[in-house]
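Take the sequence shown: its letter number 191 is residue 190 in numbering that gives the first Met the number 0, and every next letter is one higher.
Glycine included, C-beta positions come from ideal geometry on N, C-alpha and C.
Owing to the predicted nature of the structure, the values given are computational and were not obtained by experimental measurement.
As structure tokens, the structure follows; a few thoughts come after it.
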Amino acid sequence: MERKVITRRALGAVLVVGAAVAFSVGVIVFPMWTSAIDRARRQQSAEPFRIVGNLYYVGGSDVTSFLLTGPEGHVLIDGGYAATASVTIASIATLGFDIKDVKVLLNSEPLFDHAGGLSALQEASGGELWASEASAETLAAGGDNRDLFLPMRAFIWAGINRYPAPRIDHRFKDGARIRLGPIELTAHITGGHSPGCTSWSFPVRDGDRELQVVRVCTLTRLPGTSLVEPQRYPGIRADFERTFRVLRSLPVDIFLTGHAREFGRYRKFLERDTAKNPVDPFIDREGYLRYIDNAEDTFRQELAEQQQSFWRRFR
Ligand SMILES: [Zn+2]
């Protein structure tokens, strides 16, 4: 009898340990492995090119960076992964510009795939970084943020998703205008993905026409973030609702996103070969509105699912 109990206990312990190992492999190791592969793939360089006027693509094959050039210096939007910085520096040189002329660094969101390279870009350029008030602390902490979903924080603590912290030179609020010579960008705080998620709008010239550009901040919900019981991000629902409204109200001819595929960078890049004006493939208000619609559909669906499982608990 005694022996049977011990055996059963031992078997139980083995099962618990086995389950823990399987759980860590499934939940920690496997995503680490896939995200490492993912990142290696996303850090590949991409051919830099002029999108329109003084606006250039200088990002990687997936994560994006944009350069706005001007007579009094250039503006660089986003830094990609830590390892993408060298791609961006090389792209700027390929286009015939000098990284040292980058005077202003901007960011869309403080996650490692868009802010990871900022510190290196800041060092190489000597430029000043502008951070939204709600992103500044996370940027200054190299991506760490106590409101992040715990497994994501664990990756940061493990050094996987942590990035070299850039220096914050200026903080801004919603509606701020950042100027550098004739360049002027407007900051739209479009929260949801993160509270300080910033979309940047600015005009560009193409011959004698002026076109309106927006670099939209990411519109997805971060893994582990609740829309129903948002202790980690109170106000997330209202932020998303407001973001969709604000983005739809902007006069947009050309839209750009944090990941190249979302705005069809490569497809539009190829279409330039047969276009009458190489700018034309990028003029895509329809694609912009579709992008917002899709994001909003996903948001509504996730919200409905979370609400359902929330109420199921009380049945
Ligand atoms: Zn991203």
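By a beta-carbon distance limit of 8 angstroms, A130 contacts N106. Their separation comes to about 6 angstroms. Counting C-beta atoms within 10 angstroms of its own C-beta, Q230 has fewer than 16 neighbours from the protein chains shown and is therefore classed as exposed.
Look at K275 here: in three-state DSSP terms it is coil, with no helix or strand label. Its chain contains V203, D205, L210, I253, V278, F281 as the residues whose beta carbon lies nearer than 7 angstroms to that of V51, once the 5 sequence neighbours on both sides are disregarded; these appear in chain order.
With fewer than 16 other beta carbons inside 10 angstroms of its own, K99 counts as exposed. For R214, the uninterrupted beta strand (DSSP E) segment begins and ends at 208 to 214. Spanning the alpha carbons of A294 and Q307 requires a straight line of approximately 20 angstroms. Every unbroken stretch of the beta strand (DSSP E) spanning 3 or more residues and falling wholly within the stretch 129 to 186 is given here in chain order: 169 to 171, 176 to 179. E108 counts as buried, since at least 16 other C-beta atoms from the protein chains shown sit within 10 angstroms of its C-beta. The Cβ atoms of H187 and V227 lie no closer than 9 angstroms to each other. DSSP, read as helix, strand or coil, puts T63 in coil. Cβ contact annotation for T87 (same chain, cutoff 8 angstroms, sequence separation greater than five): V57, G58, G59, S64, L75, G78, G79, G116, L120, in chain order. Of all residues, those with a beta-carbon under 5 angstroms from at least one heavy atom of ligand 1 are D112, G257, reported in chain order. If you draw a straight line from the Cα of D97 to the Cα of E46, it is about 17 angstroms long.
Apart from the 5 residues on each side of it in sequence, R176 sits with its Cβ closer than 8 angstroms to the Cβ of E183, L184, T185, A186 in its chain, given in chain order. Under the three-state reduction of DSSP, P280 is assigned to helix. Annotation: G72 to D238 spans about 34 angstroms, alpha carbon to alpha carbon. The residue among H192, F268, D207 with its C-alpha nearest the C-alpha of G257 is H192.
Cβ atoms of T242 and G190 come within 8 angstroms of each other, at about 6 angstroms. With respect to L128, R166 sits close: the two C-beta atoms are nearer than 9 angstroms.
Remark: C-beta atoms of I155 and G174 do not approach each other more closely than 9 angstroms. Residue ranges of uninterrupted alpha helix (DSSP H) with 4 or more members, entirely inside the stretch 78 to 129 and ordered along the chain, are 84 to 93, 111 to 114, 117 to 124. A check of alpha carbon separations from R264 across R214, T197, F148 identifies R214 as the nearest.
The residues L226, V227, R236, in chain order, have a CB closer than 8 angstroms to that of L302 in the same chain once the five nearest residues on each side in sequence are set aside. Membership of F243 in the alpha helix (DSSP H) is indicated by the continuous run 235 to 248.
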